[in-house]
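Chemist: Mind looking over this structure? Questions follow.
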Amino acid sequence: MERNSIIGSLLGDGSLALYGRSKNAHYRDHGCDAQMPYRKWKAKMLSNLGFKFNENCKYGKLSSPSYPLLTELYNMFYKNKVKILNYENIKLLDHAIGLACLYMDDGSLVIDSSHRKIAFFYSHAFQYIL
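Read in order, the letters of the sequence shown correspond to residues 1 to 130 in the UniProt record's numbering.
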């Protein structure tokens, strides 16, 4: 479940970084004030991986220490330090919690003229390789 939460967030607003001498990647994301309770929830859910929410940053920031799982995901989601989206990455999203994280990051509920509720995902953080 933790892995899928991270994957859903990587498909949304989350990012991974692997710098210089670091052996493993770390996670970070931030957003508007309205998403602070959501980021606090993610920090609590991922606390056993060391995820923390920092309210002292503008709009709050969710981050993690470097971790081997994050390096594994970094190697799947990044090519030449640029986040990519491909079929293999999408297939990793195999639990409802991951889809919920993606929706909370980049989703929107639209009610059309026939009063049908349609979920849309607006992710602009990728170079698509499909």
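Beta carbons: idealized from backbone N, C-alpha and C, even for Gly.
Could you tell me the distance, in whole angstroms, from the CA atom of residue 42 to the CA atom of residue 78?
Modeler: Going by the C-alpha atoms only, they are around 22 Å apart.
Chemist: How far does the beta strand (DSSP E) with residue 98 in it reach, from first residue to last?
Modeler: No beta strand (DSSP E) holds residue 98; the alpha helix (DSSP H) holding it covers 96-106.
Chemist: Tell me, please, which residues DSSP counts as bridged to residue 115.
Modeler: According to DSSP, which records beta bridges pairwise, residue 115 is partnered with nothing at all.
Chemist: Report the three-state DSSP secondary structure of residue 43 (helix, strand or coil).
Modeler: Correct three-state label for residue 43: helix.
Chemist: In the DSSP output, which residue or residues are listed as bridge partners for residue 62?
Modeler: Beta-bridge pairing links residue 62 to 29, 53.
Chemist: How many whole angstroms separate the CB atoms of residue 70 and residue 26, which I take to be in contact at a CB cut-off of 8 Å?
Modeler: Yes, residue 70 and residue 26 are in contact; Cβ-Cβ is about 6 Å, under 8 Å.
Chemist: With 16 as the cutoff for other CB atoms within 10 Å, does residue 5 come out buried or exposed?
Modeler: That one is buried.
Chemist: Could you check the C-alpha separation between residue 135 and residue 109 for me, to the nearest Å?
Modeler: Lying outside 1 to 130, the shown extent of the chain, residue 135 is not represented and no answer is given.
Chemist: On a CA-only basis, which of 105, 7, 64 is nearest residue 35? Give me that one, please.
Modeler: Looking at the Cα atoms, 105 is the closest of the given residues.
Chemist: By the 10 Å Cβ neighbour count, where 16 or more other Cβ atoms means buried, how is residue 20 classified, buried or exposed?
Modeler: So residue 20 ends up on the exposed side.
Chemist: With a threshold of 6 Å on Cβ separation, who are the neighbours of residue 54 within its own chain once the five nearest residues in sequence on each side are excluded?
Modeler: Contacts found: 61.
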